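Engineer: Below is a structure I'd like to ask you about.
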Amino acid sequence: MNPFSGNKNKKIIIIVGILIVIAIIYIIVKSSQQTPINVGNNLQNQGNIPVDNKPAEKPAEPELENSALGKFNPVAPEQTLPMDEKKVEEVSKKENVFNLEISPKGISPKEFTVSAGETISLILTSVNSMHTVQFEDSSLSNVYLGVLAGETRGVSFVAPAKSGNYVFYCTQPGHRERGEAGAMRVK
Ligand SMILES: [Cu+2]
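Here the sequence shown is numbered in this note's numbering, starting from 211 and rising by one per residue.
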């Protein structure tokens with residue numbers, strides 16, 4: 211066998227191989243360029259294809275109600291930012307506002323009375339350190355007040371429709387046990 215003819219065959223095979231690779235690359239590049247156009251045509255021609263990037267539905271705006279502390283969302287009440295003395299004095303004059311003071315001695319006043327279904331505002335002032343007040347009843351689980359030392363904050367919410375005593379207390383460890391609890395009477 212002539213070694214030169216063997217080399218020649220090898221060369222031909224290599225050249226053909228290179229041409230095939232170039233052809234494959236050309237086909238791949240060509241088809242990838244056409245892909246966006248094809249997708250566009252598909253979307254136009256077949257309206258029933260689900261499109262992922264349609265604008266998300268806007269969540270419904272919460273229905274806000276008025277209170278002594280301003281507008282609030284009855285479904286998800288939020289406590290106010292810390293209030294200064296002037297603001298506290300101003301809102302305290304309004305109806306259905308209840309001022310509570312909290313200290314290691316307890317919550318003062320221990321009881322207050324509200325009308326069923328009425329919008330009320332609680333204002334909580336911490337005398338000493340951090341306190342977090344919540345109601346025991348699950349119907350008021352979204353009502354929360356958290357105050358740091360010397361801070362005053364308020365929260366507005368709709369009083370339960372069912373009459374009874376609604377216990378509230380400080381959720382900080384050991385605070386309820388030392389007397390930081392009270393009751394909201396709903397009439
Ligand atoms: Cu406390």
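Every residue, glycine too, gets a C-beta built ideally from N, C-alpha and C. Note that the structure is predicted; figures quoted are calculated from it, not measured.
(1) Suppose the cutoff is 7 Å on Cβ atoms and the five residues either side in sequence are ignored; what does the same chain contact list for T323 look like?
(2) Which class does L291 belong to by DSSP, given the choice of helix, strand or coil?
(3) Closest by CA to E387, which one among Y376, I317 and L274?
(4) According to DSSP, what are the bridge partners of A356?
(5) List the residues that DSSP assigns as beta-bridge partners of E311.
(6) Among Y236, V231 and F367, which one has its Cα closest to the Cα of S325?
(7) Ordered along the chain, which non-local residues of its own chain (more than five positions away) have a Cβ less than 6 Å from that of Q344?
(8) Could you tell me whether any non-hydrogen atom of ligand 1 is closer than 7 Å to the CB of I312?
Structural biologist: The structure says:
(1) R395 and K397
(2) coil
(3) I317
(4) The sequence given here has Gly at residue 356, not Ala. Looking at the DSSP assignment, G356 forms a beta bridge with T342.
(5) S318 and T335
(6) F367
(7) Y354 and T381
(8) yes
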